[in-house]
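Notes follow the structure.
Protein chains: 2
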Amino acid sequence: DEAKIYYIRGIAVLQQCLSAKLQVIPPNDDNPDGVFVNIDRGLIIYICFLRGITDEKIEKLARSVLQAKLSENYESGGKLQNILQINGDVLIIPQATLGGKLKGKSMQYHTNLSKTEGLDVYNKFIDICKKLIQENKANSVVQNGTYGNRQVLNIQTNGPFTHFIHV
Amino acid sequence: DEAKIYYIRGIAVLQQCLSAKLQVIPPNDDNPDGVFVNIDRGLIIYICFLRGITDEKIEKLARSVLQAKLSENYESGGKLQNILQINGDVLIIPQATLGGKLKGKSMQYHTNLSKTEGLDVYNKFIDICKKLIQENKANSVVQNGTYGNRQVLNIQTNGPFTHFIHV
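Below is the structure:
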């Protein structure tokens, strides 16, 4: 048995995809279908930060997510490598719902950041991811969802290989 | 701050979808494209069980997942109800990777069930979900992935509203 005291401040759910398409601007007069971003093969990062998150933990989560060896390198027989090594794309999706805790039949979000703080931390996380990808000279496209919006999303995957990471 | 001792035995990641399509038989001579199941609007349940899981916890997780009020009832202005109340479909996807714990840059799965035990518990979970849906006279289609297979999957969602539940 593994007993630990947790103070979870940041949560990421990771899925592998062949492609994904995310709405970043909802339908409006100029764009009746909304505006979408696309990624090709790569990593979808659903992300949520909780009260008490620190800059150190934001950085740690970004490093963990991008350095975790969870992507098959098809050119080397399916060996697991991190998303930087396979030059995979990255789609970051804000998902405050991951901070929910079930009480009875309802979800409570008491430890979630306020919207203002949440947006600030979300932007920091994206910036760190972009910096790490640049530092590693990886040829990865980074796209991200619009904080606070409904995340209208299509995914194609040949195995989501879903992982849960927290800091 | 919230301090707890966790003994996590079962994990579910929940996502809302408009539709989803999952491969249940890989391509073979008779079915060159493989065989797929589909659901319409409903709930995707990624599920993983760990060593020490009990029948009580399997049942508790099934009830939690199906009774959690996470689905918008469009007919009542978006009020959140559970999947049974909106007669939404259910897609259960085995996802042993959710049991992973990151050590350095690699995932370890030391607390995962063996494949034989995992299949047994997975089948129990599906049976309980079907039983609960029948008891509630919900008009929900239940589909599920093939344990141990690669989960080739397409999802369309107008907001995954991702939640993490454990027992």
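Those protein sequence lines, which keep their order, are chains A and B. Position 74 (the first sequence) corresponds to 74 in my numbering; numbering is contiguous. So my numbering is basically just the index in the second sequence, starting at one, shifted up by 167. Ideal placement from N, C-alpha and C gives every residue a C-beta, glycine not left out. The structure presented is a predicted model; accordingly, all values stated were derived computationally and were not measured.
Neighbours of residue 97 of chain A across chain B, judged by C-beta separation under 7 angstroms: 328, 329 and 330.
Every unbroken stretch of the beta strand (DSSP E) spanning 3 or more residues and falling wholly within the segment 16–50 of chain A is given here in chain order: 19–25, 35–39 and 42–49. Annotated as proximal: residue 71 of chain A and residue 83 of chain A, with beta-carbon spacing under 9 angstroms. Counting other Cβ atoms within 10 Å of its Cβ, residue 177 of chain B reaches 16 or more and is therefore classed as buried.
Chain order gives no chain B residues near residue 25 of chain A, where near means a beta carbon separation below 7 angstroms; the closest approach is about 14 angstroms.
Residue-level contact check: residue 77 of chain A does not touch chain B, since none of the beta carbons of chain B fall below 9 angstroms from its beta carbon. Separation of residue 154 of chain A and residue 282 of chain B (C-alpha to C-alpha, rounded to the nearest whole angstrom) is 31 angstroms.
With the rule of 3 Cβ pairs closer than 8 angstroms, the segment 28–42 of chain A does not count as touching the segment 114–131 of chain A.
Under a criterion of Cβ atoms nearer than 8 angstroms, no residue of chain B is adjacent to residue 73 of chain A; the nearest Cβ is some 14 angstroms distant. One finds nothing in chain A with a Cβ atom closer than 9 angstroms to the Cβ of residue 225 of chain B; even the nearest lies about 16 angstroms away. Listed in chain order, the positions of the segment 310–327 of chain B with a beta carbon within less than 7 angstroms of a beta carbon of chain A are 317, 318, 319, 320, 321, 322, 323, 324, 325, 326 and 327.
Taking C-beta atoms under 8 angstroms as the contact rule, residue 62 of chain A and residue 128 of chain A qualify, at a distance of about 4 angstroms. Contact between the segment 19–34 of chain A and the segment 73–81 of chain A is absent, with fewer than three C-beta pairs closer than 8 angstroms. Within the same chain, and ignoring the five residues on either side of residue 7 of chain A in sequence, the residues whose Cβ sits closer than 8 angstroms to its Cβ are 52.
Residues of the segment 80–110 of chain A with a Cβ closer than 7 angstroms to any Cβ of chain B, in chain order: 82, 95, 97, 98, 100, 102, 105, 106 and 107.
From the beta-carbon of residue 46 of chain A, the residues of chain B found nearer than 8 angstroms are 327 and 329. A distance of 9 angstroms or more separates the beta carbons of residue 14 of chain A and residue 125 of chain A. Going by DSSP, residue 116 of chain A is part of the alpha helix (DSSP H) stretching over 115–135. Taking C-beta atoms as the reference points, residue 265 of chain B and residue 157 of chain A fail to come closer than 9 angstroms. When 8 angstroms is used as the limit between beta carbons, residue 119 of chain A is near no residue of chain B, the shortest such separation being about 18 angstroms. Secondary structure of residue 86 of chain A (DSSP, three-state): coil. Comparing alpha-carbon positions, the option among B:223, B:213 and B:233 lying closest to residue 300 of chain B turns out to be B:233. Among the CB atoms of chain B, none fall inside 9 angstroms of the CB of residue 130 of chain A. Between the alpha carbons of residue 313 of chain B and residue 30 of chain A lies a distance of about 44 angstroms. Using a CB distance cut-off of 9 angstroms, residue 138 of chain A does not count as an interface residue toward chain B. The bridge partners DSSP lists for residue 101 of chain A are A:108.
Comparing C-alpha distances from residue 303 of chain B to each of B:252, B:309 and B:269 shows the shortest one belongs to B:252.
Between residue 58 of chain A and residue 12 of chain A, the C-beta spacing is not below 9 angstroms. Note on geometry: alpha-carbon atoms of residue 261 of chain B and residue 159 of chain A lie some 11 angstroms from one another.
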